[in-house]
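Single-structure report; data block below.
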Amino acid sequence: MKKRLIYSCLVMAGVSLSVGCTKNFDKLNTNPNATSSSLFNPNFLMSQAQIQFSNTGYDQLLYQSMWSQSLAGTYNYYSNGDKYVYGGSFQDYKSRTWNTSYGAASLVYEMKNLVAGNAAYSNLDNCGSILLVMMFERITDAYGDIPYSQALQAKAGVSQPVFDTQESIYKDMLDKLATATAALDATKAAPTADLFYGGDISKWKKLGYSLMLRVAMRLTKVDAATAQKYAEMAYAGGAMSSVTDDAKVYTDYTNGNGNSDAAALLVTDDFREVRWSATLMNYLQSTNDPRISAVGEVSAGTGKAANQNEAPGVSTAALQIGMPNGYDQNGGATDISHAPNYPGTSPADPAVSGDAAAPDGKYSRPRFAVYDDRNRANYIITYGETELLFAEAATLGWNTGTAATHYANALTADMLTLAQLNKTAQAVVDPAAITAYVAAHPLVPATALQQINMEYFVETSTTFNFNETWANWRRSGFPVLTPVTYPGQFTDGSIPRRMEYPVSLPSTNGANYNAAVGKLTGGDLFTSRVWWDK
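387 is the number of the first residue of the sequence shown in our numbering; add one for each residue after it.
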């Protein structure tokens with residue numbers, strides 16, 4: 387994707403980025419007339435923003451994937467998420483969600499500035515509004531109160547933006563989604579560099595309403611009336627209706643935009659020591675879920691060498707065992723070999739000189755051919771997630787259709803979505819197995835909220851959308867997780883409920899940072915809760 391290099395000298399207001407692409411940078415930065423939509427095609431900024439926002443890499447693997455107990459890991463880097471213990475470049479990585487999302491948002495903000503008032507770009511402008519909501523939702527979900535109304539305005543002289551309350555941010559995001567989505571017009575010019583839908587405005591409209599639903603449902607515990615209003619608006623407006631509407635970005639390794647999750651997992655220690663969690667795999671096994679063989683595998687050989695060899699393994703469902711969170715390879719009571727049901731079936735291979743026993747035994751890992759594909763899709767929001775949220779809204783008595791129908795649609799969609807993770811369709815679930823599973827697992831009113839949100843956990847985990855897994859766990863309480871106990875934790879032993887603010891903020895925006903921290907119960911801690919998390 388050569389387009390990503392064209393505008394790489396944008397000022398990333400609100401984040402700290404190095405620049406050096408032009409000798410005239412200062413002139414461009416201070417003169418608002420130095421560039422315009424007539425000189426630079428603003429469409430290019432959309433694709434740059436989409437790939438940057440979607441390509442999360444270590445951001446969510448180190449924290450959200452393990453705080454939600456979707457994955458488990460014994461490598462020390464993953465102690466941050468797996469055990470709530472500092473490990474690796476912790477201070478750097480805990481800022482990445484902030485920097486990555488604000489960086490992507492700055493591209494969209496600049497795009498919208500370039501097209502402001504130009505009717506020929508009205509669809510691009512409205513798509514930009516939807517993208518900004520998507521990006522700000524992730525930031526505020528992770529941190530709580532954040533710069534919003536004054537964010538990204540360094541060019542206008544706002545270098546120390548105020549932190550808006552999460553409550554005000556959420557209400558403004560819903561208002562902006564309602565305005566922008568309704569204004570999309572398929573008879574007008576479409577975006578020309580759109581990695582989600584190739585400029586299909588009808589799909590963007592569906593995305594706008596699906597995102598509206600997700601934003602609304604975050605508020606079920608704190609403002610049910612507003613949640614209901616916008617959930618019903620999304621249903622009436624027309625949200626996603628098939629897996630072809632899924633919002634995702636296929637990465638492009640050949641042109642320098644390889645999947646960052648895959649790149650992280652291909653690090654030897656990560657490949658050898660990151661596994662599907664016991665929480666997830668036990669649940670899949672308990673329901674005889676046909677996705678097990680599509681997403682999990684164990685090494686085809688024995689010993690350490692085979693377990694770190696980048697080769698497809700054995701995906702037989704009965705052989706897949708999830709790893710408990712909270713174990714290491716350091717010996718003592720927390721050593722993984724002491725975990726319940728430790729599968730010590732991978733001794734050293736005598737045919738390999740100097741080989742040792744596999745340190746993590748035969749726990750199930752994400753399938754190599756699926757999740758280590760550097761061209762794999764990054765998912766943002768799916769039709770299946772949308773149907774689950776409509777099912778929950780209907781269960782609450784809101785005018786969003788029939789809960790049982792939405793739930794059945796979601797089960798089917800979530801399994802079909804896996805086949806889109808790769809363009810080579812490696813994670814295909816047999817259609818007959820899907821039909822049988824859906825028929826055998828109807829929505830039961832007495833357990834509806836648990837069923838819906840457990841499926842949300844499975845879907846967002848298996849699509850590697852861990853930011854959403856963690857957010858929905860905090861909102862819904864499902865799955866019911868047992869916190870890890872481990873020496874030296876940076877929490878009180880409970881699972882983190884938010885990210886701490888980046889360490890640079892006290893020195894770069896101290897007064898506004900202190901004001902925001904003062905509103906948090908307990909201060910700037912992982913255990914403090916954001917506004918909607920009650």
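Backbone N, C-alpha and C define an ideal beta-carbon position, used for all residues, glycine too.
Asked: Within the stretch 822-891, ranges of the beta strand (DSSP E) (whole runs, at least 3 residues); Found: none
Asked: Neighbourhood of A857 by C-beta distance below 7 Å, restricted to the same chain and skipping five residues each side; Found: D527
Asked: Same chain only: Cβ atoms within 7 Å of A703, ignoring 5 sequence neighbours per side; Found: I678 and S679
Asked: CB-CB length for S701 against G687, believed under 8 Å; Found: That pair is no contact at about 15 Å.
Asked: Best match in S646, L605 and A566 for proximity to L593 [C-alpha to C-alpha]; Found: A566
Asked: Whole alpha helix (DSSP H) elements within the stretch 438-521, 4-residue minimum; Found: 444-448, 450-453, 465-468, 476-479 and 482-501
Asked: For E845, the nearest candidate out of N808, M801, R860 and A811 (CA to CA); Found: M801
Asked: Exposure label - Q438; buried when at least 16 CB within 10 Å; Found: buried
Asked: First through last residue of the beta strand (DSSP E) which encompasses R658; Found: Note, R658: premise wrong, no beta strand (DSSP E); alpha helix (DSSP H) at T654 to E659.
Asked: Buried versus exposed, by CB contacts within 10 Å (16 or more), A399; Found: Low per-residue confidence applies at A399: pLDDT is 37, beneath 50, and the placement is therefore not dependable enough to give any value.
Asked: Residue span of the alpha helix (DSSP H) that contains A921, given as start and end; Found: The displayed coordinates of the chain run from 387 to 920. Any statement about residue 921 would go beyond what the structure contains.
Asked: Residues near A620 by beta carbon distance below 6 Å, same chain, minus five either side; Found: Y595, M598 and L599
Asked: Reduced DSSP secondary structure (H/G/I, E/B, other) of I555; Found: helix
Asked: N-terminal and C-terminal residue of the beta strand (DSSP E) that V601 is part of; Found: Counting along the chain, V601 falls outside any beta strand (DSSP E), though it belongs to the alpha helix (DSSP H) covering I587 to M603.
Asked: Host alpha helix (DSSP H) of Y765 (start-end); Found: Careful: Y765 lies outside any alpha helix (DSSP H), inside the beta strand (DSSP E) at A763 to I767.
Asked: Same chain only: Cβ atoms within 7 Å of A796, ignoring 5 sequence neighbours per side; Found: G770, E773, L774, A777 and E841
Asked: Span separating the alpha-carbon of A921 from that of T821; Found: For residue 921 there is no data in the structure shown, the boundaries of the chain being 387 and 920.
Asked: C-alpha gap between D580 and A572, whole angstroms; Found: 15 Å
Asked: R925 (DSSP reduced to helix, strand or coil); Found: This structure leaves residue 925 out entirely; the chain is present only between 387 and 920.
Asked: Beta-carbon spacing of W662, R762 below 8 Å; Found: no
Asked: Beta-carbon spacing of Q921, V916 below 8 Å; Found: Here the chain has residues from 387 to 920 only, and residue 921 is not among them.
Asked: Residue of V471, A537 and T606 minimising C-alpha distance to W784; Found: T606
Asked: Segment limits, beta strand (DSSP E) that includes Y636; Found: A633 to Y636
Asked: Cut-off 6 Å between Cβ atoms - residues of its own chain near A790, not counting five sequence neighbours on either side; Found: L829
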